[in-house]
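Residue numbers (the working numbering), protein chains in the order written: chain A, 1 to 113; chain B, 1001 to 1111.
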């Protein structure tokens, strides 16, 4: 079955470390997205990519980096420059059909220890 | 910029009907989505509206008025499992333009 997979489900990071969150989809979707969700907050856009080898900053890109070398994969790196990285991170993908919306991964909960 | 407002919390009784409102301000409107999110899980798609009117899907219906920048999600015959957050999201632009989400409405269904 087609879907979108995020890993790991839980991740602990020491202060000053970079960590990379994985996101893989086999839906043949062109576009992929990373959002961050904090308690009581909606989803805030970090980065998105509409085609391979291209990506754009979202509203809160500072302290994060991404790559899109393959259509299926859109990893997110949380760098040491991100001052408050503890959050729930959601990856999503979509096709060009406007009414399709997103398919979400199951999320990664990142905690700084 | 874009602004999406929805109530923070609502409580309703099992078997009742509840309406969750969403107002938005945006340019280039190209669709409004409703998602359900249980605690600690990913959002799941409920409905999509791009034209004015009501879309019905089982116990869930969604309404859109583009001129008023207003939508609502209607949940009928509430069940305990409907306790969740409901997210309103708007697209402004072509098919793969990122969605902008409201902060979500946490619905508690009580016996």
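The C-beta atom is built at its ideal place from N, Cα and C for all residues, glycine as well.
- Of the residues assessed, residue 83 (chain A) falls on the exposed side of the cut-off, its CB having fewer than 16 other CB atoms within 10 angstroms.
- Ranking B:1045, B:1082, B:1088 by CA distance to the CA of residue 1104 (chain B) puts B:1088 first.
- With a cutoff of 8 Å on beta-carbon distance, residue 25 (chain A) and residue 106 (chain A) are scored as not near each other.
- Where residue 57 (chain A) is concerned, the enclosing beta strand (DSSP E) starts and stops at 54-57.
- Between residue 1102 (chain B) and residue 1004 (chain B) the beta-carbon gap is near 4 Å, inside 8 Å, which marks them as a contact.
- When DSSP states are grouped into helix, strand and coil, residue 1057 (chain B) belongs to the strand group.
- Under the 8 Å Cβ criterion, the region 1063-1071 of chain B counts as touching the region 1048-1055 of chain B, having at least three qualifying pairs.
- For the pair residue 4 (chain A) and residue 27 (chain A), the CB atoms are nearer than the 8 Å cut-off.
- Per DSSP, the beta bridge partners of residue 32 (chain A) are A:49, A:93.
- Residue pairing by DSSP puts residue 1033 (chain B) in a beta bridge opposite B:1048, B:1089.
- The residues 1011, 1012, 1013, 1014, in chain order, have a CB closer than 8 Å to that of residue 1110 (chain B) in the same chain once the five nearest residues on each side in sequence are set aside.
- Residue 80 (chain A) places its beta carbon less than 8 Å from that of residue 17 (chain A).
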